[in-house]
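Visitor:
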Amino acid sequence: MHIPKPSFATILPLNLALSLAAFWYDWTALQTLPPWAIPFIAICPLYPLILLISWKKPTTTWLLATPVAALGLVALIFYSVTGYRDHSLGWALAQLLWVWLYAWQAWYLLRRHSYRPGLHLAGCLWTTATLFVLMITDSYGYLAINLLKPDEQIGLLILGTTTACLLPLLKRGTPRS
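Quick note on numbering: the sequence shown equals residues 336 to 512 in my numbering.
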């Protein structure tokens, strides 16, 4: 199935708007984060900006888009569980729409660009580190993971890591470096 390539002129304002809105909305919480945790926890403000790099420099896609794609799937499970549990499915759907405005880009970019095993491995490690930091800090992020029970948190860690590692299966044919 051929998917037409979105223009960078369309993606740039979309991702800048998503990032700026998330920085504005999350500003109070972001100020409480230790600086070392920002690349792992400040997902909504950072990921749209990170994807802009992949749109311009395709060689970075397997590093930068891997965590975005994997956490997009994790968000689907997370918001379904928490929305159902808290009887706030409208909130959950709004959050999912927000996350998938940039997660779809990651899936698209991964499908389109050449596979790079070393960068993919680094992207898998970044995904695992992100979920692990969220879990051990009981922390803020688009995955306010403290809303989950410990076994559910472990399940999301496994799902996110597995998804990240299996992303090369999206590619047609044999992965190439």
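Where is the CB? At the ideal position from N, CA and C, for every residue including glycine.
For leucine 505, which residues from the same chain have a beta carbon less than 8 Å from its beta carbon, with the 5 sequence-adjacent residues on both sides left out?
Guide: Trp442, Leu445 and Arg446
Visitor: Whose C-beta lies closer than 6 Å to the C-beta of alanine 405 among residues of the same chain, with five residues either side of it excluded?
Guide: Thr462, Gly495, Thr498 and Ala499
Visitor: Report the CB separation of leucine 482 from threonine 417 in whole angstroms; it is logged as a contact under 8 Å.
Guide: 5 Å
Visitor: Anyone know if the C-beta pair for leucine 491 and leucine 466 falls short of 8 Å?
Guide: Contact annotation: leucine 491 and leucine 466 have beta-carbon atoms nearer than 8 Å.
Visitor: Work out the CA separation of leucine 351 and tryptophan 362 for me, nearest whole Å.
Guide: Using only the alpha carbons, I get a separation of about 16 Å.
Visitor: Is the beta carbon of tryptophan 397 sitting closer than 8 Å to the one on histidine 455?
Guide: Against a cut-off of 8 Å, the Cβ pair of histidine 455 and tryptophan 397 comes out as a contact.
Visitor: Identify whether proline 503 lies in helix, strand or coil by the three-state DSSP scheme.
Guide: helix
Visitor: Tell whether a beta-carbon distance below 8 Å holds between alanine 344 and proline 380.
Guide: no
Visitor: Taking its Cβ as the centre, do 16 or more other Cβ atoms sit within 10 Å of threonine 509, making it buried, or is it exposed?
Guide: Only weak support exists for where threonine 509 lies, its pLDDT of 45 falling under 50; the value from the coordinates is given anyway. So threonine 509 counts as exposed.
Visitor: In the DSSP assignment, the alpha helix (DSSP H) including arginine 451 goes from what residue to what residue?
Guide: Note, arginine 451: premise wrong, no alpha helix (DSSP H); not H, not E.
Visitor: So, using beta-carbon positions, are valine 403 and leucine 384 closer together than 8 Å?
Guide: no
Visitor: The alpha helix (DSSP H) that contains serine 415, what's its start and end?
Guide: 396-420
Visitor: Which residues bound the alpha helix (DSSP H) around proline 380?
Guide: 378-391
Visitor: Helix, strand or coil for leucine 353 per DSSP?
Guide: helix
Visitor: What three-state label does DSSP hand glutamine 366 in the structure shown?
Guide: coil
Visitor: Cα separation between proline 374 and leucine 399?
Guide: 12 Å
Visitor: Determine whether the beta carbon atoms of isoleucine 376 and leucine 501 lie at a separation below 8 Å.
Guide: no
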